[in-house]
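Chains as they are written, first to last, in the numbering used here: chain H, 1 to 199; chain A, 1001 to 1199.
In structure tokens, the structure reads:
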């Protein structure tokens, strides 16, 4: 690599990717230049294109190329149920399950006073404004199952109460395919206290 | 992701990288757009820059930004010993060992008639031409320890013989830190037959 400064720079630039160290970056750089120059060109252009176009949806704060994202703009999605999530990655995960047909609101974070993330950073004002204009009947609090996630859910629930909107939280329990032996005790305790009538 | 076509395209483009599947690509794309836009811009520019600038060194066929690579152009490298390797990655590996101060010749492949790779593709003509002009005294055959690598080494050795140049091959044996119990039998057999006087 010492023989080509532009390759050295490409290797260094590749290490900015999460999970990519010096060795993998070197392998990627050589692969791009040796065997997939078209792929490399496509990657560079896609990156510049995304940097230029991607913005936040004015309504749900998810990533979007347009003012209103495709989910918010779609007339196939019911606006009666609003799913509040922390990140765009959470939207992807829920969309991949195919079990939700409503719309989203993306907080882009979770309450964490120590990191300087308060209600303002999470766009809760925008959420209130949206609730005034819309006809949301239920808010699903789909924040993480962590302490910060729970506190964030509590904040959103307080807002929902002001508007007399029902709130629900994702069920906690044993994951599909989970063997009791390997489930941690906290999850098991939640699964027991939240047990449901067997029909 | 369904909400932003340019993000979808970035994810697809990232999957061209070796070892990166759909899930990792998604994580990388969100990371670049959410948290490291400067890194993303640097990556795109470095890729385009490398695509434009990287060529093969006229002398050793390694990657280079200039006609003559930094190793060939350096006056700190002895031209008496020539190390013949298969790929630019091999040059990096040897350079990282710090144990070689001569120059390289990169075959950019190994003989593999079934894949249509013959002596012409490996630049053996260029190697001969270089040997005529230069003062190489020893050629280190540093091709892979595989059947194709051995055959390739044989071809290069035949050329060296024409010019009355000494040839050597990288030592085969037990790798540093290798425990006998886990070394494969072929390697062990080579290590036995190639045993050296204990001083």
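Quick reminder that beta carbons are idealized off the backbone N, C-alpha and C, glycines included. Keep in mind that this is a model prediction, so the values were computed, not measured.
Practice task
Kindly provide the ranges of any beta strand (DSSP E) runs that are 3 or more residues long and lie completely inside the region 111-195 of chain H, ordered along the chain.
Solution key: 138-141, 166-169
Problem - is_contact[residue 81 of chain H, chain A] using C-beta, thresh 8 Å - result: As a first step, residue 81 of chain H is located in the first chain; it is residue number 81 there, counting from the start. Taking Cβ atoms only, chain A never reaches closer than 8 Å to residue 81 of chain H, which makes this a no.
Practice task
Would you list the residues sitting across from residue 1104 of chain A in a DSSP beta bridge?
Solution key: The residue you call residue 1104 of chain A lines up with position 104 of the second chain. DSSP, once it has assigned bridges, lists A:1083 as partnering residue 1104 of chain A.
Problem - Secondary structure of residue 197 of chain H, DSSP reduced to three states - result: Indexing the first chain from 1 puts residue 197 of chain H at position 197. Three-state result, residue 197 of chain H: coil.
Practice task
Could you have a look at residue 26 of chain H and say whether DSSP puts it in helix, strand or coil?
Solution key: Against the first chain, residue 26 of chain H aligns to sequence position 26. Three-state DSSP puts residue 26 of chain H in a helix.
Practice task
State the Cα-Cα distance for the pair residue 1128 of chain A and residue 1165 of chain A, rounded to the nearest angstrom.
Solution key: Here residue 1128 of chain A refers to the residue found at position 128 when the second chain is read from its first residue. Here residue 1165 of chain A refers to the residue found at position 165 when the second chain is read from its first residue. So the two alpha carbons sit approximately 12 Å from each other.
Exercise for the section: Name, please, each residue of chain H whose Cβ falls closer than 7 Å to the Cβ of residue 1065 of chain A. Expected result: The residue you call residue 1065 of chain A lines up with position 65 of the second chain. Result: 4, 5, 6.
Exercise for the section: Quick one: residues in its chain with C-beta nearer than 6 Å to the C-beta of residue 151 of chain H, no 5 flanking neighbours on either side, listed in chain order? Expected result: Along the first chain, one-based indexing puts residue 151 of chain H at 151. The residues are 111.
Exercise for the section: In angstroms with no decimal places, state the Cα-to-Cα distance between residue 1184 of chain A and residue 1195 of chain A. Expected result: As a working note, residue 1184 of chain A is residue 184 in the second chain. As a working note, residue 1195 of chain A is residue 195 in the second chain. Cα to Cα, residue 1184 of chain A sits roughly 16 Å from residue 1195 of chain A.
Problem - Minimum Cβ-Cβ distance from residue 1204 of chain A to chain H less than 8 Å - result: For residue 1204 of chain A there is no data in the structure shown, the boundaries of chain A being 1001 and 1199.
Practice task
Classify residue 1123 of chain A as buried or exposed, calling it buried when 16 or more other Cβ atoms lie within 10 Å of its own Cβ.
Solution key: Start at 1 with the first residue of the second chain, and residue 1123 of chain A comes out as number 123. So residue 1123 of chain A counts as buried.
Practice task
Please confirm if the region 1026-1041 of chain A is in contact with the region 17-34 of chain H, defined as three or more CB-CB distances below 8 Å between the two stretches.
Solution key: yes
Problem - Residues that residue 37 of chain H contacts on chain A, provided the C-beta gap is smaller than 8 Å - result: Counting from 1 along the first chain, the entry for residue 37 of chain H is found at position 37. What residue 37 of chain H touches in chain A: 1051.
Exercise for the section: Determine the burial state of residue 130 of chain H: buried for a count of at least 16 other Cβ atoms within 10 Å of its Cβ, exposed for fewer. Expected result: Position 130 of the first chain, counting from 1, holds the residue named residue 130 of chain H. The residue is buried, with at least 16 neighbouring Cβ atoms inside 10 Å.
Exercise for the section: Step through the CB atoms of chain H and report whether any lies within less than 8 Å of the CB of residue 1139 of chain A. Expected result: Within the second chain, residue 1139 of chain A is the residue found at index 139, counting from 1. Chain H contact via Cβ: absent.
Handout entry: Cβ pair count under 8 Å reaching 3, the region 72-85 of chain H against the region 1058-1066 of chain A
Key = no
Exercise for the section: Consult DSSP for residue 6 of chain H and reduce its assignment to one of helix, strand or coil. Expected result: Here residue 6 of chain H refers to the residue found at position 6 when the first chain is read from its first residue. Here residue 6 of chain H carries a helix assignment [DSSP, helix/strand/coil].
Practice task
Give a yes or no on whether the C-beta atoms belonging to residue 1168 of chain A and residue 1141 of chain A are separated by under 8 Å.
Solution key: The residue labelled residue 1168 of chain A in the question sits at position 168 within the second chain. The residue labelled residue 1141 of chain A in the question sits at position 141 within the second chain. Result yes, Cβ atoms of residue 1168 of chain A and residue 1141 of chain A sit closer than 8 Å.
Exercise for the section: Measuring only between beta-carbons, confirm whether residue 1009 of chain A sits less than 8 Å from chain H. Expected result: What you label residue 1009 of chain A is simply residue 9 of the second chain in a count that begins at 1. It does; some Cβ of chain H falls within 8 Å.
Handout entry: Residue-chain proximity (residue 103 of chain H, chain A), Cβ-Cβ < 8 Å
Key = Numbered from its first residue, the first chain carries residue 103 of chain H at position 103. With 8 Å as the cut-off, residue 103 of chain H does not count as an interface residue toward chain A.
Problem - CA-to-CA distance, residue 45 of chain H to residue 85 of chain H, given in whole angstroms - result: As a working mapping, residue 85 of chain H is identified with position 85 in the first chain. As a working mapping, residue 45 of chain H is identified with position 45 in the first chain. When rounded, the distance between both Cα atoms is 30 Å.
Problem - Terminal residues of the alpha helix (DSSP H) in which residue 1037 of chain A lies - result: What you label residue 1037 of chain A is simply residue 37 of the second chain in a count that begins at 1. Per DSSP, residue 1037 of chain A belongs to the alpha helix (DSSP H) from 1037-1053.
Practice task
Could you round the C-beta distance between residue 26 of chain H and residue 1092 of chain A to whole angstroms and report it? I think they count as a contact, below 8 Å.
Solution key: Counting from one through the first chain, the residue named residue 26 of chain H turns up at place 26. Counting from one through the second chain, the residue named residue 1092 of chain A turns up at place 92. Residue 26 of chain H to residue 1092 of chain A, Cβ: 7 Å. Contact.
Problem - Beta-ladder partner(s) of residue 64 of chain H, from DSSP - result: Here residue 64 of chain H corresponds to residue number 64 of the first chain, with the count starting at 1. DSSP, once it has assigned bridges, lists H:55 as partnering residue 64 of chain H.
Exercise for the section: Find the residues of chain H that neighbour residue 1088 of chain A, judging by a C-beta separation of less than 9 Å, and give them in chain order. Expected result: Here residue 1088 of chain A refers to the residue found at position 88 when the second chain is read from its first residue. Going along chain H in sequence order, the residues near residue 1088 of chain A (Cβ under 9 Å) are 1, 3, 4, 7, 30, 33, 34.
Problem - residue 1023 of chain A to residue 96 of chain H span [Cα, whole Å] - result: Translated into the one-based positions of the second chain, residue 1023 of chain A becomes position 23. Translated into the one-based positions of the first chain, residue 96 of chain H becomes position 96. So the two alpha carbons sit approximately 12 Å from each other.
Problem - Bounding residues of the alpha helix (DSSP H) (the contiguous stretch that carries residue 1092 of chain A) - result: On the second chain, residue 1092 of chain A is found 92 positions in, with the first residue counted as 1. Counting along the chain, the alpha helix (DSSP H) containing residue 1092 of chain A begins and ends at 1088-1097.
Practice task
Would you give the residue range spanned by the alpha helix (DSSP H) that residue 1072 of chain A belongs to?
Solution key: Here residue 1072 of chain A corresponds to residue number 72 of the second chain, with the count starting at 1. Note, residue 1072 of chain A: alpha helix (DSSP H), 1070-1073.
Problem - Contacting residues, own chain, Cβ-Cβ under 6 Å from residue 1137 of chain A (five flanking each side not counted) - result: For this step, residue 1137 of chain A is matched to residue 137 along the second chain. Excluding residues up to 5 positions away in sequence, 1080 lie with their Cβ nearer than 6 Å to the Cβ of residue 1137 of chain A in the same chain.
Exercise for the section: Rounded to whole angstroms, what's the CA-CA distance from residue 210 of chain H to residue 1054 of chain A? Just pull it up for me. Expected result: Only positions 1 to 199 of chain H appear in the structure, and residue 210 of chain H is not among them; the question remains open.
Problem - Of the listed residues A:1077, A:1051, A:1076, A:1078, nearest to residue 1065 of chain A (C-alpha basis) - result: If you number the second chain from 1, residue 1065 of chain A lands on position 65. Comparing Cα-Cα distances from residue 1065 of chain A to each of A:1077, A:1051, A:1076, A:1078, the minimum goes to A:1051.
Problem - Test item: CB-CB of residue 49 of chain H and residue 1003 of chain A under 8 Å - result: Along the first chain, one-based indexing puts residue 49 of chain H at 49. Along the second chain, one-based indexing puts residue 1003 of chain A at 3. Going by beta carbons, residue 49 of chain H and residue 1003 of chain A fall outside the 8 Å limit.
Handout entry: Cα-Cα separation between residue 1159 of chain A and residue 37 of chain H, rounded to whole angstroms
Key = For the purposes of this step, residue 1159 of chain A is taken as residue 159 along the second chain, with counting starting at 1. For the purposes of this step, residue 37 of chain H is taken as residue 37 along the first chain, with counting starting at 1. Cα to Cα, residue 1159 of chain A sits roughly 33 Å from residue 37 of chain H.
Problem - Contact with chain H by residue 1092 of chain A, beta-carbon distance below 8 Å - result: Taking the first residue of the second chain as position 1, residue 1092 of chain A is located at position 92. Yes, contact with chain H.
Problem - Between the CA atoms of residue 148 of chain H and residue 114 of chain H - distance to the nearest angstrom - result: Taking the first residue of the first chain as 1, we reach residue 114 of chain H at position 114. Taking the first residue of the first chain as 1, we reach residue 148 of chain H at position 148. Approximately 11 Å, taken between the alpha carbons.
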